[in-house]
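Novice:
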């Protein structure tokens, strides 16, 4: 079985950090290539990375600009699709199509067979490009490829904002995707996966002509070779990840709460900092690690807020790779991720896999899997964008952090978190399910 995947975001390599969809694409690619009778080839964009010297199964779609993003913030880019001119947008898609076709032709000549399946990541440009590639190759006399799409969350969120009339998201790309017909039925896309039950409905709201029976919730898997208890401790290991100016703060810590996320408003780092103000006052040895980044103005905003709140044991670590995240989760009492309507919540799973319980908000993807045995979800705050609303949410989170400390969740819930992830969130099991879906959807 020969599969080609088109990624939207970079993988985590050559010193460049990756968003969740890039990490997920890489894990699919590696898992497929570890299976007997399956071979995956992939392409993904990056301004910084180069093609590997030792692995011919993937290539970099080289950019002269940052990776275009659907929202306003990502770990590596603030260059939005909405800021592209029509000429730039058309040129991007055409160059992507040409490079993929050339790569596929080269692989087929080497493998001595044609590709069986084509997977596009995100229900956006890659899906439309994939549909064009299927038609182009068919006109060239090749067998018509079966195309499938992994929806992810950010493109859907962009479409929803376009539909709602958000001035930052003028109606543009939902119209383009609808006009392309890529999701009008099964002729151009045989099936789609979403990473949350909730997102099936959102996808069908955007593309009502697509048959619901070919929309499948694909439970995200985690690499437990990376995310597993590491035996790290605050006293011995945190200091090596801290900035020089924060090492005195680290010396005062014996216990840790960790936040990981991009500095976007819906990740609600402000509520995290308000929470830290409360629980750090209650527990003199408890500190907060903040992992992530954003545009300079966002960094200035949140670091300024931490300073104005007088936080003595909250440290900003910047973006970190998966190996470091696993070390931080392993030494933390609890992971704190109070995002608003998180599309899935991969960071919850990664944290649990390291034996660390989690605290989040009662909205979005985490509602489907965070149960009392693994942590807690606090009730939403309707006015969370206001300072008062963020403070109220922060107080709710702080109360649960206090409960986690007092009841020693790390000891009482941590082992169950690891077991829960092992049983329910295996990347291999997820990919096996996707392969079974593709075989079933490909039946005429």
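Numbering (the working numbering), first residue to last: 2 to 445. Each residue gets a CB set at the ideal place from its N, CA and C atoms; glycine is no exception. What you are looking at is a predicted structure, and each value in this text was computed from that prediction instead of being measured.
(1) Report the option in 21, 41, 329, 241 whose CA atom is closest to the CA atom of residue 56.
(2) With a CB to CB cut of under 8 Å and the five nearest residues on each side skipped, what residues in its chain are close to residue 169?
(3) Per DSSP, what are the beta-bridge partners of residue 135 in this structure?
(4) Comparing the CB of residue 288 with every heavy atom of the ligand SAH, is any distance shorter than 6 Å?
(5) Would you give the residue range spanned by the beta strand (DSSP E) that residue 120 belongs to?
(6) Tell me the rounded alpha-carbon separation between residue 173 and residue 200.
(7) Please determine, among 404, 248, 213, the residue with the shortest C-alpha to C-alpha distance to residue 195.
(8) Whose C-beta lies closer than 6 Å to the C-beta of residue 365 among residues of the same chain, with five residues either side of it excluded?
(9) Would you decide whether residue 226 is buried or exposed? Buried here means 16 or more other CB atoms lie within 10 Å of its CB.
(10) Which partner residues does residue 216 have in the DSSP bridge list?
(11) Please list, in chain order, all residues of the same chain as residue 118 whose beta carbon is under 6 Å from its beta carbon, the five residues on each side excluded.
(12) Residue 256 and residue 286: beta carbons closer than 7 Å?
(13) Please go through the same chain and pick out, in chain order, the residues whose beta-carbon is closer than 6 Å to the beta-carbon of residue 123, but skip the five residues on each side of it.
(14) Just to confirm before moving on: does the CB-CB distance between residue 418 and residue 373 stay below 7 Å?
(15) Give every residue of the same chain whose Cβ lies closer than 7 Å to the Cβ of residue 164, excluding the five residues on either side of it in the sequence, and list them in chain order.
(16) Would a C-beta distance cut-off of 7 Å place residue 29 and residue 46 closer than the cut-off?
(17) Residue range of the alpha helix (DSSP H) that residue 80 falls in?
(18) When you compare only the Cα positions, how much space is there between residue 232 and residue 211?
Specialist: In short:
(1) With distances taken between CA atoms, residue 56 lies nearest to 41 out of 21, 41, 329, 241.
(2) Excluding residues within five positions, the ones whose Cβ falls inside 8 Å are 73, 83, 162.
(3) Paired residue(s): none; residue 135 is not in a bridge.
(4) The ligand SAH is not among the ligands present in this structure, which contains no ligands whatsoever.
(5) That run of the beta strand (DSSP E) goes 118-122.
(6) So the two alpha carbons sit approximately 21 Å from each other.
(7) With distances taken between Cα atoms, residue 195 lies closest to 213.
(8) Excluding positions up to five away in sequence, the list reads 342, 343.
(9) Here residue 226 is exposed, its C-beta having fewer than 16 other C-beta atoms within 10 Å.
(10) In the DSSP output, where bridge partners are listed per residue, residue 216 has 193.
(11) Closer than 6 Å at the Cβ level, and outside the excluded window around residue 118, lie 4, 147, 439.
(12) Cβ distance < 7 Å, so residue 256 and residue 286 count as in contact.
(13) Around residue 123: 9, 153, 156.
(14) Against a cut-off of 7 Å, the Cβ pair of residue 373 and residue 418 comes out as no contact.
(15) Scanning its chain for C-beta atoms nearer than 7 Å, with the 5 sequence neighbours on each side dropped, one finds around residue 164 the residues 175, in chain order.
(16) No, these two residues do not count as a Cβ contact at 7 Å.
(17) No alpha helix (DSSP H) contains residue 80, which DSSP labels as neither H nor E.
(18) In this structure, the CA atom of residue 232 is about 47 Å from the CA atom of residue 211.
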